[in-house]
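Report on one structure; see the data block that follows.
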Amino acid sequence: MAGLFMNPKALSSTLAVLLLSATASLALPNGPTLLAQQKQDAPTPTAPAKPNAAQPTSNPEADAKKPANRADAYYHYTMAHMYEEMVATYGRAEYANKAIEEYRAAITADPSSDYLNAGLADLYWRTGRIRDAVLEAQEILKRDPKNVDAHRLLGRIYLRSLGDMQSGNNQSRDMQRLAIEQYEEIVKLDPTSVEDHLLLGRLYSYSNDLTKAEKEFKTAVQIQPDSEEAVTMLAYLYTQEGDTKKAQEVLSNIPDDDRSAKLYSTLGYTYEEQKDYKKAIEAYRKAVMLDKENLDSVRGLAQNLLNDGQLDAALEQYKIIVDQDPSDAQSYQHIAEIDRRNGKFEAALDALKKASALVQDSQEIPYNMAVIYEGQGRYEDAINTIQQLLTKTDKPDASYSSADRSNRSIFLERLGNIYREANKPQQAVETFRRMIALGDDPASRAYQEMVETYRDNRDWPSATAAAQEGAKKLPKDRGLQLVLAAQLADEGKADQALSIAKSQLNGKAADDREVYVSLAQMYTRLKKYPEAEDAIAQAMKLAGTQDERNYVTFVQGSIYEREKKFEQAEEAFRKVINADPKNAGALNYLGYMLADRGTRLEEALGMLRKAVQMEPQNGAYLDSLGWAYFKMGNYEQAEENLRKASDKIGSDPTVQDHLGDLYQKTGRLKLAATQWERALDQWNHSVPAEVDADDVAKVQKKLESAKIKLAQQTSTTSNTKQ
């Protein structure tokens, strides 16, 4: 959840803000910069009656040996306090100087008073004389190492200085250490102070010493079990460590009736980290009910609705956010994402334009615009936008940071995909190759994208060569090994392919699930359906999240469909759609399966129209929609969509077969024969896994029949002319 809402993705990134807010709360009412306030005309203070007292000497050591004159000290302290109030009210420097002079006079009269020394040190800090404040506090600690007020003042100073520095540099680390030293002493001297334990815990967390941070947060909870701040900070820490179960236990110790909006937000964040989005939604809803004005809770609710695939509900919350906070660029980007996924591309562009007006030099916004252009089929606009991003972020010496390399690989991968969608496979492959130099992860994705590009164009030898090159370059990359195995299986080298795939099993659930899915797909293409069913069943056991279960169930449905187990296939696809109504792949597969069998055509058409609305440039979806119209007898709509599909994926023999049937049905037999010939030619250039013998035989029969009829028509025409 990148996000702008309260639940932080990294505790350390939040602690700087928390530390600053903590120091602000500890400051005196007028803050540490009293002189920055607006100056006003001020009256001369009325002094109390002054007792007879000796004037201060210039010898502090001699003063320290004199007996305390408490009456004189009280007088000067009173005057100092009056001048302090005048500084706060009028902001004039001379009053600050007079207050300091009176403090010094009071200290001369009573040199042993740590209270007066602490007051002077605090005044130094509040008027911006930080060095004097530090020196004064250190002098106090030399005389009295257990003076908690002096430690607190130094701690506040170091915290404030830490907040003003750039995180991560040496000076910042030194200031962290100094602040930690002071608060370690403070909690020893005042072990019941919840606030100081929390501050020390935050400092430890900021320094990545999470063990010590946990100890301080737990101590704060023990001292004050109902402290919301202590409970939430401990829960955040556990979540950051990945122990969300402990985080929930800590939060659940607070009774329901005592839970605040902040606590429910923390609970929602904990569930979100577990990817338990439905429980996260429930928690954030309660937070919003308790505090409707807290947009952080609304952001958390919106993000988790989006995570859970509840796009319309998420959109409603994001609209509430931007209505109340029109400067929230991130929420406009989420609105754009939802509109894009719903196929509302112009609305998505409008939202991104609003975001762009709020953010300077964003890379994310133009990238998302390119994604929308691609969805609209505006390939040149999409290509130009991504190329501008690449040019803008280019470094001649290739000295990219880790983040730069990651972004650059994302840009290149998107550009390659756009070229592929625009039927420019050579440019696509060249673009993917540029990713290889950016590191192992980008290289792995690059090789897989290259294989996919070659496969789309039915260039099987090049696909295998790219898979072999990638597997050799990155022999420990599981994804590339599985891609190579799939290629070998399609070439008929089943034993070698299955051996490579099975060797990737390592006992880790996420890894093994991926392997079993790949095995299921390979067995399916090898027409070993019982083995495919067994493999996908193993994958299902390892599917943890809803998204994982949806994908495994989708593959399971495709296996049943290939076996012609249509009822079981339909059940699987409906299960996916029920969990994710916007799953375009499942809508397309089930819609096509129903349409192809002539079953419940209106329902099939509705599904396919939804799929195409979400992905209007998807050739397979356009073919499915055209075929549904054909089955319903709407030949005009059928031809429009089938032609679009042919433009997108003209090398797919099924699309050519469908066009042939359309032309035959509309009396254009010669065109029909041409399309069937193309279908047969494409199958002749396919690997065995891509060919269904029954489909080939049907098309061959249709072509032969068409040729006979065309010959008869030619003969009849010739006889008529004679």
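Counted the way mature numbering (1 follows the signal peptide of the UniProt record, and there is no 0) counts, the sequence shown spans residues -27 to -1, 1 to 695. For glycine and all other residues, C-beta sits at the position ideal for the given N, C-alpha and C. Predicted model only: the values in this text are computed from it and were never measured.
One or two residues paired with residue i in a DSSP bridge
{"i": "Thr404", "result": "For Thr404, which the question treats as bridged, DSSP gives no partner whatsoever."}
Cβ-based neighbour list, residue i, same chain, cut-off 8 Å, excluding 5 preceding and 5 following
{"i": "His658", "result": "Arg431"}
{"i": "Val456", "result": "Tyr420, Gln421, Val424, Ala440, Gly443, Ala444"}
{"i": "Gly92", "result": "Tyr50, Ala53, Tyr76"}
7 Å CB neighbourhood of residue i in its chain, flanking five on each side removed
{"i": "Val528", "result": "Val490, Ala493, Gln494, Ile509"}
{"i": "Tyr352", "result": "Ile391, Glu394, Ala395"}
{"i": "Lys604", "result": "Ala568, Gly571, Leu574"}
{"i": "Ala618", "result": "Gly592, Leu595, Asp596, Gly599, Val628"}
{"i": "Ala234", "result": "Ala260, Leu263, Asp264, Asn267, Ser270"}
{"i": "Glu214", "result": "Leu183"}
{"i": "Thr358", "result": "Pro339, Met342, Ala343, Tyr346"}
{"i": "Ala72", "result": "Ala53, Tyr56, Glu57, Val60, Leu96"}
{"i": "Asp533", "result": "Just to set this straight, residue 533 is Tyr in the shown sequence, not Asp. Cβ within range, chain order: Gln541, Ala542, Ala545."}
{"i": "residue 701", "result": "No information on residue 701 is available, as it lies outside the stretch -27 to 695 that the chain covers here."}
{"i": "Ala516", "result": "Arg486, Arg522, Val525"}
Minimum C-alpha distance to residue i - residue among the options
{"i": "Glu255", "options": "Asn267, Asn277, Lys265, Glu246", "result": "Asn277"}
{"i": "Glu157", "options": "Arg125, Asn181, Gln144", "result": "Arg125"}
{"i": "Lys292", "options": "Leu279, Ile308, Gly282, Gln283", "result": "Ile308"}
{"i": "Ala355", "options": "Ser379, Asp377, Leu322, Val332", "result": "Leu322"}
{"i": "Gln360", "options": "Pro369, Arg387, Ile345, Ser375", "result": "Arg387"}
{"i": "Asn556", "options": "Tyr533, Glu67, Lys537, Thr526", "result": "Thr526"}
{"i": "Tyr608", "options": "Asp620, Val167, Lys621, Tyr636", "result": "Tyr636"}
{"i": "Glu202", "options": "Phe190, Phe546, Lys265, Ala287", "result": "Phe190"}
{"i": "Ala512", "options": "Tyr524, Tyr502, Tyr48", "result": "Tyr524"}
{"i": "Gln197", "options": "Ala220, Asn181, Ser166", "result": "Ser166"}
{"i": "Ala302", "options": "Lys327, Lys500, Ile159", "result": "Lys327"}
{"i": "Tyr47", "options": "Asn70, Lys397, Thr81", "result": "Thr81"}
{"i": "Ala684", "options": "Tyr496, Asp281, Lys466, Leu642", "result": "Leu642"}
{"i": "Leu114", "options": "Gly389, Ala44, Ile159", "result": "Ile159"}
{"i": "Arg133", "options": "Val107, Pro118, Gln111", "result": "Val107"}
{"i": "Ile681", "options": "Leu288, Ala646, Leu236, Ala287", "result": "Ala646"}
{"i": "Glu403", "options": "Asp298, Gly389, Asp520, Ala123", "result": "Gly389"}
{"i": "Lys466", "options": "Ala44, Val194, Val660", "result": "Val660"}
{"i": "Asn70", "options": "Asn42, Asp45, Arg102, Ala44", "result": "Arg102"}
{"i": "Gln655", "options": "Trp433, Gln306, Tyr177, Ala371", "result": "Trp433"}
{"i": "Met408", "options": "Gln400, Ala401, Thr426, Ser382", "result": "Ser382"}
{"i": "Asn561", "options": "Ala601, Lys538, Tyr250, Glu536", "result": "Ala601"}
{"i": "Asn181", "options": "Pro554, Arg150, Val194", "result": "Arg150"}
{"i": "Gln283", "options": "Leu563, Leu644, Gln648, Ala552", "result": "Ala552"}
{"i": "residue 697", "options": "Ala376, Leu632, Tyr250, Ala577", "result": "Since the first residue of the chain shown is -27 and the last is 695, residue 697 is not available in this structure."}
Straight-line Cα distance separating residue j from residue i
{"i": "Val295", "j": "Tyr242", "result": "21 Å"}
{"i": "Leu453", "j": "Ala662", "result": "20 Å"}
{"i": "Asp169", "j": "Val549", "result": "51 Å"}
{"i": "Ser335", "j": "Leu363", "result": "13 Å"}
{"i": "Ala275", "j": "Ala593", "result": "32 Å"}
{"i": "Val204", "j": "Asn380", "result": "37 Å"}
{"i": "Gly273", "j": "Asp414", "result": "30 Å"}
{"i": "Tyr373", "j": "Ile345", "result": "27 Å"}
{"i": "Leu676", "j": "Glu650", "result": "7 Å"}
{"i": "Leu279", "j": "Arg258", "result": "14 Å"}
{"i": "Phe384", "j": "Arg486", "result": "29 Å"}
{"i": "Leu(-10)", "j": "Gly174", "result": "Residue placement at Leu(-10) cannot be trusted, given a pLDDT of 36 that sits under 50; what the coordinates show is reported in the next sentence. Taking the straight line from one Cα to the other gives about 11 Å."}
{"i": "Ala679", "j": "Ser329", "result": "58 Å"}
{"i": "Arg378", "j": "Gln333", "result": "21 Å"}
{"i": "Pro299", "j": "Leu478", "result": "50 Å"}
{"i": "Ala611", "j": "Asp634", "result": "11 Å"}
{"i": "Gly348", "j": "Tyr427", "result": "22 Å"}
{"i": "Lys218", "j": "Ala436", "result": "45 Å"}
{"i": "residue 697", "j": "Arg99", "result": "For residue 697 there is no data in the structure shown, the boundaries of the chain being -27 and 695."}
{"i": "Lys209", "j": "Gln144", "result": "Here residue 209 is Tyr; the residue named in the question, Lys, does not match the sequence. Looking at the two C-alpha atoms, the distance is approximately 27 Å."}
{"i": "Leu447", "j": "Ala482", "result": "22 Å"}
{"i": "Gln686", "j": "Ala438", "result": "48 Å"}
Close-in-space but distant-in-sequence residues of the same chain around residue i (CB under 6 Å, 5 per side omitted)
{"i": "Ala458", "result": "Ala470, Ile473, Ala474"}
{"i": "Ser688", "result": "none"}
{"i": "Ala253", "result": "Gly241, Tyr244, Glu245, Asn277"}
Heavy atom of the ligand MN within 6 Å of residue i beta-carbon
{"i": "Ser678", "result": "This structure does not include the ligand MN; it has no bound ligands of any sort."}
Tell me, please, whether the segment 452 to 466 touches the segment 620 to 638 by the rule of three or more beta-carbon pairs shorter than 8 Å.
-> Judged by Cβ distances under 8 Å, the segment 452 to 466 makes no contact with the segment 620 to 638, as fewer than three pairs qualify.
Could you tell me whether the segment 587 to 599 touches the segment 307 to 325, using the rule of 3 or more Cβ pairs below 8 Å?
-> With the cut-off at 8 Å, the segment 587 to 599 and the segment 307 to 325 touch.
Within the chosen definition, does the segment 75 to 86 reach the segment 118 to 134 through at least 3 CB pairs nearer than 8 Å?
-> These segments do not touch.
Flag this pair as touching only if the segment 437 to 455 and the segment 407 to 421 have three or more C-beta atom pairs under 8 Å; answer yes or no.
-> Verdict: yes, contact present.
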